[in-house]
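K.L.:
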Amino acid sequence: MIVSPVTLWKKFDLTQGINAETEAETLTPAGFSAVNVRLDGHLTKSGARVKIFARFTKPRGGESAPALLLLPDPGDDGRELADYFAAKGYATLIPDYCGKRGLKKFAADETEEAEAYGAEENEARQTENAAESGAEESTREAADEAADEARGEEKEINLQAGGKPEYTVYPEEIAYANFEVSGAPARLEGESVEESAWFEWAYVALYSLEYLKTRGDVTKIGIAGVRLGGEIAWMTSLSPDICCLAAINAAGWRSHLFSSRGGKAQEAAGEEADAVRAFVAGVEAESYAPFVKCPVLMCCAMEDNFFDCDRAYDTFVRLGNADGSAIVYSADSGKCIGPYALADVDLFLERHLKGRHIYIPKPIELTMTELDDGRIEIAVKTDGDALVNTLSLYYAEGAGGQISSCRAWQRVKKIAGGELKDNRVSCAVEAFSGAEYAFSYASAEFVNGFKTVSPIVGRKRQKKSGDCVKERVISAGEKDGFAVADYKTEALGGIFLEKESMPETVAGYGGIKGVYSPAGIRTYRISSPRFVADDGAALKMDLYSAKDTSVKVTVETGERGAGSEYSAIVPVAGGGKWKRAVLRAEELKDERTGKSLESFSKGIALVIRPESEDCPVPVANVLWL
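Residues in the sequence shown are numbered from 2 upward in steps of one, following my numbering.
1. Output needed for Tyr91: all residues of its chain with C-beta closer than 6 Å, excluding positions within five of it in sequence on either side, in chain order.
2. Reducing DSSP to helix, strand and coil, say where Gly511 ends up.
3. Any idea if Ala574 is buried or exposed, counting beta-carbon neighbours within 10 angstroms, 16 or more meaning buried?
4. Would Ala332 be called buried (16 or more neighbouring beta carbons within 10 Å of its own) or exposed?
5. Please report the straight-line C-alpha distance between Lys464 and Glu378, rounded to a whole angstrom.
6. Classify Tyr171 as helix, strand or coil using the three-state DSSP reduction.
7. Going by the C-beta, is Val284 closer than 8 Å to any heavy atom of the ligand ATP?
8. Could you check if Val454 is buried or exposed, using at least 16 other CB atoms within 10 Å of its CB as the buried criterion?
9. Only counting the same chain, and skipping five residues up and downstream in sequence, which positions put a Cβ closer than 6 Å to that of Arg1?
10. On the DSSP letters alone, give me the boundaries of the beta strand (DSSP E) that Gly226 sits inside.
11. Quick one, are the C-beta atoms of Gly226 and Ile243 less than 9 Å apart?
12. Straight-line CA distance for Ser613 to Ile338?
13. Which residue comes first and which comes last in the alpha helix (DSSP H) that contains Pro6?
14. What's the C-alpha gap between Val346 and Met369?
15. Can you list, in chain order, the residues of its chain with a C-beta nearer than 6 Å to that of Gly494? Leave out the 5 residues immediately preceding and following it.
16. State the DSSP-derived secondary structure class of Gly399, mapped to helix, strand or coil.
17. Please classify Thr550: is it buried, with 16 or more other beta-carbons within 10 angstroms of its beta-carbon, or exposed?
18. Does the beta-carbon distance from Val474 to Leu624 come in below 9 Å?
19. Take the Cβ of Gly283 as the centre, count every other Cβ of all protein chains shown within 10 Å, and call the residue buried at 16 or more, exposed below.
20. Out of Val413, Ser602, Pro619, which one is the CA nearest neighbour of Tyr510?
21. Can you tell me which of the three DSSP states Tyr289 falls into?
22. Return helix, strand or coil for Glu268, following the three-state DSSP convention.
23. When burial is assigned at 16 or more other CB atoms within 10 Å of the CB, is Ser47 buried or exposed?
24. Kindly list the residues whose CB is nearer than 6 Å to the CB of Asn130, restricted to its own chain and excluding five residues on each side of it in sequence; keep chain order.
25. Around the Cβ of Asp309, are there at least 16 other Cβ atoms within 10 angstroms (buried) or fewer (exposed)?
26. Decide if the segment 438-450 is in contact with the segment 478-487; the criterion is three or more beta carbon pairs, one per stretch, under 8 Å apart.
27. Below 8 Å on the Cβ atoms is my contact criterion, and I expect Ala538 with Phe601 to pass it. Report the Cβ-Cβ distance as a whole number of Å.
28. Going by DSSP in three states, Asp315 sits in which element: helix, strand or coil?
29. I'd like to check one pair, Leu392 with Lys415: are the Cβ atoms closer than 9 Å?
30. Is Gly184 buried or exposed, if buried means 16 or more other CB atoms sit within 10 Å of its CB?
31. Just the Cα atoms here: how many angstroms apart are Ala203 and Gly62?
32. Looking only at its own chain, which residues have a Cβ that is under 6 Å from the Cβ of Val1, when we skip the five neighbours before and after it?
33. Give a yes or no on whether the C-beta atoms belonging to Glu499 and Pro617 are separated by under 9 Å.
34. Tell me Gln411's beta-bridge partners as DSSP assigns them.
35. Should Asn20 be labelled buried (16 or more other beta-carbon atoms within 10 Å of its own) or exposed?
36. Run the CB neighbour count on Arg581, radius 10 Å, all protein chains shown included, and call it buried at 16 or more, exposed below.
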């Protein structure tokens with residue numbers, strides 16, 4: 002049966018006592034007080050109770066404080082985030098919704114990250130990526146084999162302390178709520194939403210909210226969720242006890258994840274279609290948004306393939322209460338939220354949980370028009386009640402079927418707020434004659450530190466005229482077009498990147514600047530129609546290091562398993578002038594099979610990683626020969 006969020010909410014029974022027990026107080030690495038909490042969840046049909054495990058952390062001082070119900074991604078325990086928010090003056094309660102994870106394997110490289118989210122989604126991603134590279138559609142058996150090959154280092158998450166499990170225990174009749182069983186399916190596997198892991202996870206969050214309401218040291222309550230936790234937060238935010246929602250890389254539309262706006266959607270049929278429709282109606286954020294009455298902040302990393310950034314704004318405009326709500330993109334922080342978006346989180350919570358008078362600007366209005374000469378005109382209008390510090394316009398091109406997370410954005414205009422006239426500005430972009438689609442968005446930073454964006458607007462080009470042809474220069478040394486490559490070791494809680502990890506321009510010999518990040522840099526320009534390599538092309542780049550070191554150059558193809566990455570180690574002699582490196586496609590090898598890259602034109606992303614974070618290696622003059 003297909004149910005709406007309203008009808009599903011009527012099925013939640015929160016009348017059972019929580020019977021909360023707290024364990025001995027401990028100190029977090031940052032010195033904040035934390036306790037493990039065990040409480041009863043909902044009553045199952047057999048009469049058993051879900052046994053919820055949670056961790057409560059509070060800021061220093063004995064006075065009452067606002068609290069966050071924090072739902073992290075399954076790959077993170079949330080403790081770093083708890084310390085971060087405690088330092089900002091917020092208590093946090095982090096309930097475990099995953100239950101038994103088993104020996105879940107979280108890969109060391111983010112290109113394999115999707116393994117943590119269930120076999121069904123892995124198969125969908127395998128199929129989509131194979132289509133992108135021109136391969137034949139993979140079978141289920143091939144996808145499963147690739148998923149096995151993609152698994153990384155084992156990580157046991159189900160810790161034991163004092164004989165008690167540090168995870169939520171689900172009764173056997175709802176064992177499907179354990180993450181080791183369910184993953185994060187983008188469709189229903191049972192007959193109804195109430196018989197899904199999503200329903201049980203929302204129940205855990207709601208009973209955890211009931212616990213927060215009993216604490217005398219908690220004032221206002223907000224909810225924040227990351228990726229999978231963010232999707233659960235959407236389901237929970239209908240509660241009248243929630244003052245605000247921060248949804249991070251969680252925007253719904255997961256059932257449409259591989260139906261890009263620039264390609265053909267693969268429509269399900271029969272029972273499969275019914276399962277998808279039921280999932281959309283009862284689980285997806287876009288269905289909950291109209292019923293959410295509290296203010297919402299949506300933070301969206303544009304390269305994260307857990308959700309579709311193109312459709313994030315579609316969820317935002319459906320909000321039942323737009324007052325005090327905002328949406329922001331992170332374009333150069335890889336799959337993470339960068340420092341500007343993190344500043345939005347801080348200001349948003351200060352307004353809605355601490356009562357500070359902080360104006361949250363309305364989103365930017367943007368239109369995109371194709372001119373008679375084939376150029377693309379981008380016109381924007383900002384909130385007239387807010388003072389703009391800087392405004393940036395971004396542009397990208399793509400081919401049909403390209404997913405949004407692999408788009409190569411470039412800033413085409415930056416203007417100071419004082420140069421705006423009537424809060425408006427426009428510019429015309431020379432479109433590449435071979436580009437099938439054009440995309441644009443705008444981002445503004447306001448004088449109060451808040452940042453907001455426009456919707457991502459896409460258009461299929463009709464007039465493929467003009468003199469703009471393919472470019473050989475991928476980068477002359479500017480950071481525009483590059484994002485952080487390896488976020489896991491650099492990001493707070495696996496999601497927030499601080500400024501020192503972001504791509505920056507660093508001076509080398511002669512004061513010449515190149516782009517560098519201690520976490521490596523990634524660009525999708527090599528799959529943009531304007532920059533795609535010709536067959537037989539070689540890759541050239543200039544590198545500088547103060548001492549002897551090396552960099553790892555990798556081309557990602559978007560496949561799963563073997564054939565997904567081809568790499569070469571490039572030595573860099575220290576001191577002196579910039580060092581030139583030239584690589585042929587066949588010099589890049591698959592580390593598992595030893596097979597050579599056939600052509601640079603097969604790649605979707607170029608990644609350059611330094612050997613050591615202690616030895617910066619700026620990169621300049623990246624181009625095709």
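In this text, a Cβ means the ideal position worked out from N, Cα and C, and glycines have one as well. Note that the coordinates shown come from a computational prediction; the quantities given were computed from them, not determined experimentally.
P.N.:
Taking the structure as given:
1. The sequence position of residue 91 within the sequence shown is 90, counting from 1. Correct list, in chain order: Pro67, Leu69.
2. Walking along the sequence shown from the start, residue 511 turns up at place 510. Gly511: helix per DSSP, three-state reduction.
3. If you number the sequence shown from 1, residue 574 lands on position 573. Exposed, because fewer than 16 other Cβ atoms sit within 10 Å of the Cβ of Ala574.
4. In the sequence shown, residue 332 corresponds to position 331, counting from 1. Classification for Ala332: buried.
5. The residue labelled residue 464 in the question sits at position 463 within the sequence shown. The residue labelled residue 378 in the question sits at position 377 within the sequence shown. One C-alpha to the other measures close to 13 Å.
6. Within the sequence shown, residue 171 is the residue found at index 170, counting from 1. Of the three classes helix, strand and coil, the one that applies to Tyr171 here is coil, per DSSP.
7. The ligand ATP is absent from the structure shown, which contains no ligand whatsoever.
8. Here residue 454 is taken as the residue at index 453 of the sequence shown, counted from 1. So Val454 ends up on the buried side.
9. Because residue 1 is not part of the residues shown, which for the chain are 2 to 626, the question remains open.
10. Start at 1 with the first residue of the sequence shown, and residue 226 comes out as number 225. Run containing Gly226: 219-227, per the beta strand (DSSP E) assignment.
11. Numbered from 1 along the sequence shown, position 225 holds the residue referred to as residue 226. Numbered from 1 along the sequence shown, position 242 holds the residue referred to as residue 243. Contact: no.
12. On the sequence shown, position 612 is the one that residue 613 refers to. On the sequence shown, position 337 is the one that residue 338 refers to. Going from the Cα of Ser613 to the Cα of Ile338 covers about 24 Å.
13. Position 5 of the sequence shown, counted from the start, is the residue given in the question as residue 6. Note, Pro6: alpha helix (DSSP H), 6-10.
14. On the sequence shown, residue 346 is found 345 positions in, with the first residue counted as 1. On the sequence shown, residue 369 is found 368 positions in, with the first residue counted as 1. Going from the Cα of Val346 to the Cα of Met369 covers about 29 Å.
15. Position 493 of the sequence shown, counting from 1, holds the residue named residue 494. Same-chain partners within the cutoff: Asp77, Glu81, Leu82.
16. Position 398 of the sequence shown, counted from the start, is the residue given in the question as residue 399. In this structure, Gly399 counts as strand in the three-state DSSP scheme.
17. Counting from one through the sequence shown, the residue named residue 550 turns up at place 549. Thr550 is buried by the Cβ-count criterion.
18. Within the sequence shown, the letter at position 473 stands for residue 474. Within the sequence shown, the letter at position 623 stands for residue 624. Yes, the Cβ-Cβ distance between Val474 and Leu624 is below 9 Å.
19. In the sequence shown, residue 283 corresponds to position 282, counting from 1. By the 10 Å Cβ count, Gly283 comes out buried.
20. Taking the sequence shown and counting its residues from 1, the one referred to as residue 510 is at position 509. Comparing Cα positions, the closest option is Pro619.
21. Here residue 289 refers to the residue found at position 288 of the sequence shown. Looking at Tyr289 - three-state DSSP - the assignment turns out to be helix.
22. Here residue 268 is taken as the residue at index 267 of the sequence shown, counted from 1. Any answer about Glu268 is weak, because its pLDDT of 49 lies below 50 and its placement is not dependable; what the coordinates show is given next. It is coil, neither helix nor strand.
23. The residue you call residue 47 lines up with position 46 of the sequence shown. Classification for Ser47: exposed.
24. Numbered from 1 along the sequence shown, position 129 holds the residue referred to as residue 130. Interpretation of Asn130 is limited by its pLDDT of 34, a score under 50 that renders its predicted location unreliable; the figure taken from the coordinates is listed afterwards. Hits under 6 Å: Gly559, Glu560.
25. Walking along the sequence shown from the start, residue 309 turns up at place 308. Classification of Asp309: buried, given that the 10 Å Cβ count is 16 or more.
26. no
27. Here residue 538 refers to the residue found at position 537 when the sequence shown is read from its first residue. Here residue 601 refers to the residue found at position 600 when the sequence shown is read from its first residue. Right, their Cβ atoms sit about 6 Å apart.
28. In the sequence shown, residue 315 corresponds to position 314, counting from 1. Looking at Asp315 - three-state DSSP - the assignment turns out to be helix.
29. Start at 1 with the first residue of the sequence shown, and residue 415 comes out as number 414. Start at 1 with the first residue of the sequence shown, and residue 392 comes out as number 391. In contact: Lys415 and Leu392 (Cβ atoms closer than 9 Å).
30. Position 183 of the sequence shown, counted from the start, is the residue given in the question as residue 184. So Gly184 counts as buried.
31. As a first step, residue 203 is located in the sequence shown; it is residue number 202 there, counting from the start. As a first step, residue 62 is located in the sequence shown; it is residue number 61 there, counting from the start. Straight-line Cα distance between these residues: approximately 31 Å.
32. The first residue shown for the chain is 2 and the last is 626, placing residue 1 beyond what the model contains.
33. On the sequence shown, residue 499 is found 498 positions in, with the first residue counted as 1. On the sequence shown, residue 617 is found 616 positions in, with the first residue counted as 1. Result no, Cβ atoms of Glu499 and Pro617 do not sit closer than 9 Å.
34. Within the sequence shown, numbered from 1, the residue matching residue 411 stands at position 410. DSSP lists Tyr396 as partners of Gln411.
35. Taking the first residue of the sequence shown as position 1, residue 20 is located at position 19. So Asn20 counts as exposed.
36. Looking up residue 581 in the sequence shown gives position 580. Label assigned to Arg581: exposed.
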